[in-house]
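Here is the structure we will look at, set down as structure tokens.
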Amino acid sequence: AQSVAQPEDQVNVAEGNPLTVKCTYSVSGNPYLFWYVQYPNRGLQFLLKYITGDNLVKGSYGFEAEFNKSQTSFHLKKPSALVSDSALYFCAVRDNNAGNMLTFGGGTRLMVKP
Amino acid sequence: EADIYQTPRYLVIGTGKKITLECSQTMGHDKMYWYQQDPGMELHLIHYSYGVNSTEKGDLSSESTVSRIRTEHFPLTLESARPSHTSQYLCASSVRQGSGGYTFGSGTRLTVV
Numbered sequence: 105a106q107s108v109a110q111p112e113d114q115v116n117v118a119e120g121n122p123l124t125v126k127c128t129y130s131v132s133g134n135p136y137l138f139w140y141v142q143y144p145n146r147g148l149q150f151l152l153k154y155i156t157g158d159n160l161v162k163g164s165y166g167f168e169a170e171f172n173k174s175q176t177s178f179h180l181k182k183p184s185a186l187v188s189d190s191a192l193y194f195c196a197v198r199d200n201n202a203g204n205m206l207t208f209g210g211g212t213r214l215m216v217k218p
Numbered sequence: 004e005a006d007i008y009q010t011p012r013y014l015v016i017g018t019g020k021k022i023t024l025e026c027s028q029t030m031g032h033d034k035m036y037w038y039q040q041d042p043g044m045e046l047h048l049i050h051y052s053y054g055v056n057s058t059e060k061g062d063l064s065s066e067s068t069v070s071r072i073r074t075e076h077f078p079l080t081l082e083s084a085r086p087s088h089t090s091q092y093l094c095a096s097s098v099r100q101g102s103g104g105y106t107f108g109s110g111t112r113l114t115v116v
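Chains A and B supply the protein sequences, listed in that same order. Okay, so the first sequence: first residue is 105 according to the working numbering, each after it adds one. Okay, so the second sequence: first residue is 4 according to the working numbering, each after it adds one.
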């Protein structure tokens, strides 16, 4: 069975500082990994995904994520946080040997303060 | 523009009422999903469908039911709403194969009073 863990319920960062939102996963096969963002009273929006290739994946709004196979991690990063980045962030994993079903982490609330 | 639509966006309804939350997508996706989202943010899969006339229960037991008579339409029905059904409901869709993820609707925030 596949699983995803987001160990931090909330991450606080000052505007202009780098941010990291952590995600670790477990799958039996090769993982497809995703990050989504959710703004208040909205659905989830796709940020980026890792399928294969370069371990550093670039996505929307200046976000990037680093795939680390040995640590089974896929942390979301941004060099300089904006107040408008404040939102909920969800990591998801799909075992590409187990159909198209995503498993989501519990979510991390990112608070960027001016 | 291809997208996924949920209506209504907000709904306040009395206990015991029957309600249907609508979800439609114009992307031709085979698979569709319903999630219930806690105030504490975690997503819980309550129903999914692989295609027309296919429906499955998700990880979280739910008193709701779904139908999939057309590819583009995946409504969720509560026969008798209760305050415990108060939540945000998110609909999503995806292709059957390939490397893509899910596309989500904007959600329906349901309050049962």
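Built from N, CA and C at the ideal position, the CB exists for glycine as well. Note that the coordinates shown come from a computational prediction; the quantities given were computed from them, not determined experimentally.
Asked                                                                                                                                                             : Found
If I'm right that residue 23 (chain B) touches residue 79 (chain B) with Cβ under 8 Å, what's the distance once you round it to whole angstroms?                  : 7 Å
Taking the continuous beta strand (DSSP E) assigned at residue 213 (chain A), which residues delimit it?                                                          : 212 to 217
For residue 243 (chain A), which option in A:198, A:109, A:149 has the closest C-alpha, if you only look at C-alpha atoms?                                        : Beyond the ends of chain A as shown, which are 105 and 218, falls residue 243 (chain A); an answer cannot be given.
Name the two residues that bound the continuous beta strand (DSSP E) containing residue 177 (chain A).                                                            : 177 to 182
Are residue 160 (chain A) and residue 194 (chain A) close, meaning C-beta to C-beta below 8 Å?                                                                    : no
Could you check the C-alpha separation between residue 76 (chain B) and residue 120 (chain A) for me, to the nearest Å?                                           : 43 Å
Rounding to the nearest angstrom, what Cα-Cα distance links residue 216 (chain A) and residue 164 (chain A) in this structure?                                    : 18 Å
Give the DSSP-derived three-state secondary structure of residue 62 (chain B) in the structure shown.                                                             : coil
Which residues share a DSSP beta bridge with residue 221 (chain A)?                                                                                               : Nothing in the structure corresponds to residue 221 (chain A), since chain A is present only between 105 and 218.
Only counting the same chain, and skipping five residues up and downstream in sequence, which positions put a Cβ closer than 8 Å to that of residue 21 (chain B)? : 80, 81, 82, 83, 84
Compile a chain-ordered list of the residues in the segment 134 to 145 of chain A whose CB is closer than 9 Å to at least one CB of chain B.                      : 136, 138, 140, 142, 145
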